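Following this note's numbering, the numbering of the sequence shown begins with 7 at its first residue and continues without gaps.
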Amino acid sequence: MEQKVVTFTPNPNSAVNKPDCGYGHACSFCKEEATCTRDKSNHNKQLSEARLAQIGQIIIVLANKGGVGKSTVAANLAAGLARRGFRVGLGDADIHGPNAAQFFGQQGERVKITARGIRPRRYRSPDQQSEVRIGSLGFFLPETDAPVVWRDAYKFDYIHHLVGSYDWGELDFWVIDMPPGTGNELITLCDILEGSNLSAVLVTTP
C-alpha cells in the first residue's frame with residue numbers, strides 16, 4: 007500500500023521580515039559590503055527568520071561524546087526521509103569534523119554563492135523520491151582533511167551562516183549533524199531556533 011506523503015506548506019501570512027537589501031546571504035559574502043549604508047545589525051537575524059519560516063520540522067542529531075555515529079545517523083535519517091518523498095536538508099554543524107558530504111559522495115566539491123544565498127549541494131540516489139540538500143563547512147576547506155582551528159566567535163558566525171546564508175528553500179525536514187558535547191555550537195543554534203518546530207535524536211552508543 008502506497009503511503010501518502012504530506013509536505014509542509016509555509017504560511018504566506020506569517021510576519022517575517024526579510025533583509026531590505028534583497029540578498030539572501032550574510033554581509034560578509036557581499037561584494038557591496040564596503041560601500042553599503044544599509045542597517046546591517048539585523049541582517050543575519052532576518053535571514054535566519056526567513057529561512058526558518060520555510061522549514062517544517064528541524065531535527066538535531068547530537069551526543070555528549072564523539073565516535074558514537076552522529077554523522078552516520080544524521081546522513082541516513084536525511085536519506086531515508088528523502089526516499090519517502092520528503093524535501094530534506096542536511097546541515098553539518100560539526101565544525102571540526104565536517105564530514106556530512108562524504109556520505110553522499112560530495113567530498114571535495116564546492117558551493118556557489120548567488121544573490122539568493124549559498125547554494126546547497128544536492129544528492130539524489132535512484133531509490134530516492136526527493137533529493138537531499140547538503141550544507142557543510144567542508145565545501146569551503148582547501149583540502150578535505152584540512153584542520154579547523156577556530157575561536158568561539160568564528161563558530162558563532164558559521165552557525166548563523168548555516169541557518170541563514172544557505173538557500174535551503176522549502177523543506178519538510180532539516181536534519182542537523184551536531185559536534186560532540188554541549189558547547190558553543192549547540193548553544194548558538196538553540197538560540198537561533200527558539201520557537202521553531204524542533205526535535206532531537208540523541209545517539210548514545212556506536
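Heads up, the beta-carbon is just placed ideally off N, CA and C, and yes, glycines get one too. None of these values were measured; they are calculated from a predicted model.
Check each candidate in Q135, D178 and G123 and name the one with the smallest Cα separation from H166.
Comparing Cα-Cα distances from H166 to each of Q135, D178 and G123, the minimum goes to G123.
Does the distance from the C-beta atom of I101 to that of L143 stay below 7 angstroms?
Yes.
From what residue to what residue does the alpha helix (DSSP H) around V74 run?
Segment: none, V74 is in no alpha helix (DSSP H) and carries neither H nor E.
If I follow the unbroken beta strand (DSSP E) through I182, where does it start and stop?
Unbroken beta strand (DSSP E) run through I182: L177 to D183.
Mapping the DSSP letters down to three states, classify Y129 as helix, strand or coil.
Y129: strand per DSSP, three-state reduction.
Indicate whether V94 and V138 have their beta-carbon atoms separated by less than 7 angstroms.
yes
Under the three-state DSSP convention, the category I193 falls into
helix
Using CA coordinates, which residue listed in T13, P16, R57 and T15 is at the minimum distance from Y29?
R57
For R32 and S171, which I take to be in contact (beta-carbon distance under 8 angstroms), what is that distance rounded to the nearest angstrom?
The residue you asked about is not Arg; residue 32 is Ala in the sequence shown. The Cβ separation is near 5 angstroms, so the contact holds.
C-alpha gap between E149 and Q113, whole angstroms:
9 angstroms
My understanding is that D178 touches G75, with C-beta atoms under 8 angstroms, so please give their C-beta distance in whole angstroms.
That pair is no contact at about 24 angstroms.
Rounded separation between P185 and L192 - CA only
8 angstroms
Which word fits S34, buried or exposed, when buried means at least 16 other C-beta atoms lie within 10 angstroms of its C-beta?
Result: exposed.
I'd like the list of long-range same chain contacts for R130, defined as Cβ closer than 8 angstroms, with 5 residues on each side in sequence excluded.
Here the set comprises A88, S136, E137 and V138.
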